Amino acid sequence: MIVQATHTVLFYLIAALALVMALSVVFSRKLLRAAIALMGVLALTAGLYILLGAEFLAGVQVLVYVGGIVVLIVFAIMLTRSSDLLEDQPTLPRALLGAFVGLVFLVMSSAVFFSSPFQADTSGAQVTDDTVAIGRSLLDYGPKGYVLPFEIISLLLLAAAIGGIVIARKIPAPSQPFTSGGDLPGEADFTQPRSQREEA
Amino acid sequence: MASVPMEHALVLAAVLFALGLAGLLVRRNIIFMLMCLEIMFNAAGLAFVAAGARWAQADGQVMFMMILTVAAAEVAVGLALLLGFYHHFKTLDADAAEGMRG
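In the order they appear, the protein sequences are chains A and B. The first sequence begins at 29 in the working numbering and counts up by one. The second sequence begins at -14 in the working numbering and counts up by one.
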């Protein structure tokens, strides 16, 4: 009983903290501060996964999101010297539009959510917290298996990794995106070999 | 684990998603937009895991793995595009790329 109450209190505490962190990602004007707040949101979500009985996913969340994606974003912040490119205050129509769309989405999704009957209540069932079930259903080619999405998503990740390398290459080939034959001021250097550029 | 009510977890996911959506629309800096996208991915994953825990099925956790993979792929391509954008336009303002050029 006490354990349950503690879990409930922890859930609301983590939820409130995650909301505050997400608000500061959305409203902060400083990039690094927003990145740290994003890390907080993701780590707190990992805490929620533990409360929901998905310890493996909590570990994966910390490894991939906190350890991978946030670090990549911090790299991007540092590579672009964007701390001196502070963005100005959003214009009023833009802020109103964003708030309006967000609110409409929230209202509509909660309307759908609260009006749909979630009847299949299996309150006595055990939570599948064991990793074996995930692995089995990822590689199961039966009617409830996910082997085809698993293979497709592996290919997608490979393609994305290769695409990222191709896009981020220093010297794009002449027909690549972000080049237009070298007649834009910013890219004149990129179509020539490294030794012939005026300034690096 | 019945101590976490699924309804409240789903509402939390919806609020997080709406926050990310609003931030994505309001922001002009591309890095901020990417961060708001990550919040939205995270909210979607949270909804899947909460529902999967309620019905005691592994499907929710499997879908979370899919979302995680898509988020990783998105951030890899997105950051590469961001660096190209920055080298091209010398700014991170998304409005700098409003014109098309054949």
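By construction, the Cβ of each residue, glycine as well, lies at the ideal position given by its N, Cα and C atoms. This one's a predicted model, so the numbers in the text were calculated from it and none came from an experiment.
- If you check each beta-carbon in the stretch 58 to 81 of chain A against every beta-carbon of chain B, the ones closer than 8 Å belong to L59, A62, A63, L66, V69, L70, T73, L76, Y77, L79, L80, G81.
- Among the CB atoms of chain A, one or more fall inside 9 Å of the CB of M(-9) of chain B.
- By the 16-neighbour rule on beta-carbons within 10 angstroms, F26 of chain B is buried.
- The beta carbons of L134 of chain A and V11 of chain B sit no closer together than 9 Å.
- Taking the Cα of T108 of chain A as reference, the smallest distance to any Cα among B:V62, B:F70, B:A61 is reached at B:F70.
- CA-CA distance, A38 of chain B to E179 of chain A, rounds to 25 Å.
- With the criterion set as a beta carbon lying under 7 Å from some beta carbon of chain A, the members of the stretch 14 to 28 of chain B are N14, I16, F17, L19, M20, C21, E23, I24, N27, in sequence order.
- Against chain B, a Cβ distance below 7 Å from Y174 of chain A picks out V47.
- Rounded to the nearest angstrom, the gap between the Cα atoms of V92 of chain A and L53 of chain B is 8 Å.
- The Cβ atoms of L77 of chain B and I24 of chain B lie no closer than 9 Å to each other.
- As summarised for the stretch 84 to 122 of chain A, the continuous alpha helix (DSSP H) elements at least 4 residues long and confined to that stretch are 98 to 107, given in chain order.
- Counting other Cβ atoms within 10 Å of its Cβ, L41 of chain A stays below 16 and is therefore classed as exposed.
- The Cβ neighbour count for V48 of chain A, taken over all protein chains shown within 10 Å, is under 16; the residue is labelled exposed.
- The beta carbon of G96 of chain A sits closer than 9 Å to some beta carbon of chain B.
- Here the alpha carbon of F128 of chain A sits roughly 12 Å from the alpha carbon of L120 of chain A.
- Excluding residues up to 5 positions away in sequence, V90, V94 lie with their Cβ nearer than 7 Å to the Cβ of A71 of chain A in the same chain.
- At the C-beta level, L76 of chain A and A50 of chain A stay beyond 9 Å of one another.
- Chain order gives the chain A residues near A43 of chain B as T156, A161, I162, R164, S165, where near means a beta carbon separation below 8 Å.
- Interface annotation, G5 of chain B: in contact with chain A, CB-CB separation under 9 Å.
- In the three-state reduction of the DSSP assignment, D44 of chain B falls in the helix class, which pools H, G and I.
- Here D78 of chain B carries a strand assignment [DSSP, helix/strand/coil].
- A distance below 7 Å between beta-carbons, with the five flanking residues on each side excluded, links L6 of chain B to the following residues of its chain, in chain order: M25.
- Cβ-Cβ separation between V62 of chain B and A188 of chain A: approximately 5 Å, consistent with a contact (criterion under 8 Å).
- Interface criterion met: the Cβ of M51 of chain B is under 9 Å from a Cβ in chain A.
- Taking a 10 Å sphere around the C-beta of M18 of chain B, we find 16 or more other C-beta atoms and assign the residue as buried.
- Residue contact with chain B for L45 of chain A: absent (no Cβ-Cβ distance below 9 Å to any residue of chain B).
- Counting of Cβ neighbours within 10 angstroms places T34 of chain A among the exposed residues, the total staying below 16.
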